[in-house]
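Numbering (the working numbering), first residue to last: 633 to 890. Note that beta-carbon positions come from the ideal geometry of N, C-alpha and C, so glycine has one too. None of the values given here were measured: they were computed from a predicted structure. Below is one structure; the comments refer to it alone.
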Ligand SMILES: CC(C)(COP(=O)(O)OP(=O)(O)OC[C@H]1O[C@@H](n2cnc3c(N)ncnc32)[C@H](O)[C@@H]1OP(=O)(O)O)[C@@H](O)C(=O)NCCC(=O)NCCS
């Protein structure tokens, strides 16, 4: 199924590709990679919680993992979903990730694009170029199902170090003539281009106690707080017992025409 180049690359790294639906207990095994990859609060997006289990069934062909031969250790997981978008790509929804997952699960329309949802790599296997291979696999799976374009609400991996900076400013930063953010850089090196910021890619709400449990911090006044791993501050409203985090991402396009 994979191109000879990617097959060789996986063989060299002693990795095999597995697709949900082709192996037993894919969701449980994938969770062993996914859960430790995110700060706890990121696991409480209402849209994700509503659809994630079903994603592995309804769109099994688009969920995949790399498993180390010999040890049988699952080292990375990729998730994507076919979606329908008839408008301009530069007008993709501001609700980014939440829109992609909910419309991909609910819309009865014939999809015309593949949308990346996430790529996770176990910490021990990071910084070895595996993320490039994971994106290439996602693109090849898309092509196999007739999707020439892959859109992605990309979560810039170092934006959490600069939570007060507007995303529009952050993504313009460059370093050595390349994009400053490592994850945007990986996508761009594979030919992707930035379409626009999606300012409300995910919305995570919880009670004040839930936010305290998720972050290990104390919130005793209504204010905006900087949370480790968050790309923007979290708004805590003590009177209404509510904490809200709105995550910005960046819509990017991988296209075989470009
Ligand atoms: C984002 C992620 C998938 C990247 O995977 P990876 O295997 O580390 O990626 P690579 O080895 O290809 O490295 C990608 C780039 O990041 C850089 N990088 C890696 N770790 C870094 C760090 N701690 N600080 C700064 N840059 C770093 C690498 O140098 C590389 O850039 P370069 O090729 O221009 O030098 C991985 O870190 C991860 O799983 N994170 C948690 C989940 C997540 O955020 N997923 C992405 C959003 S869906």
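Asked, Found
"Sequence ranges, alpha helix (DSSP H) only - wholly within the stretch 740-785, length at least 4", "762-776"
"Residue 660 classed as buried or exposed, judged by whether at least 16 other C-beta atoms fall within 10 angstroms", "exposed"
"Proximity test, residue 764 beta-carbon vs ligand 1 heavy atom, cut-off 8 Å", "yes"
"Alpha helix (DSSP H) runs wholly inside the stretch 832-883, at least 4 long, in chain order", "840-847"
"Alpha helix (DSSP H) segments (min. 4 residues) lying fully within the stretch 642-667", "658-666"
"Cβ-heavy atom distance, residue 814 to ligand 1, below 8 Å", "yes"
"Beta-bridge pairing of residue 699 - partner residues as DSSP gives them", "648, 706"
"Cα-Cα separation between residue 799 and residue 867, rounded to whole angstroms", "17 Å"
"Closer than 8 Å: residue 852 CB and nearest ligand 1 heavy atom", "no"
"Three-state secondary structure (DSSP) of residue 819", "helix"
"Cβ-heavy atom distance, residue 750 to ligand 3, below 8 Å", "For the structure depicted, ligand 3 is absent and the ligand set comprises only ligand 1."
"Residues that residue 688 bridges to, as DSSP identifies them", "DSSP lists no partner for residue 688."
"Beta-carbon spacing of residue 628, residue 818 below 9 Å", "Residue 628 is absent from the model: the chain starts at 633 and stops at 890."
"Cβ contact (3+ pairs, closer than 8 Å) linking the stretch 780-795 and the stretch 847-854", "no"
"Inter-stretch contact at 8 Å, needing at least 3 Cβ pairs: the stretch 718-725 / the stretch 754-762", "no"
"CA nearest to the CA of residue 836, picked from 874, 633, 652", "874"
"Between the CA atoms of residue 774 and residue 658 - distance to the nearest angstrom", "20 Å"
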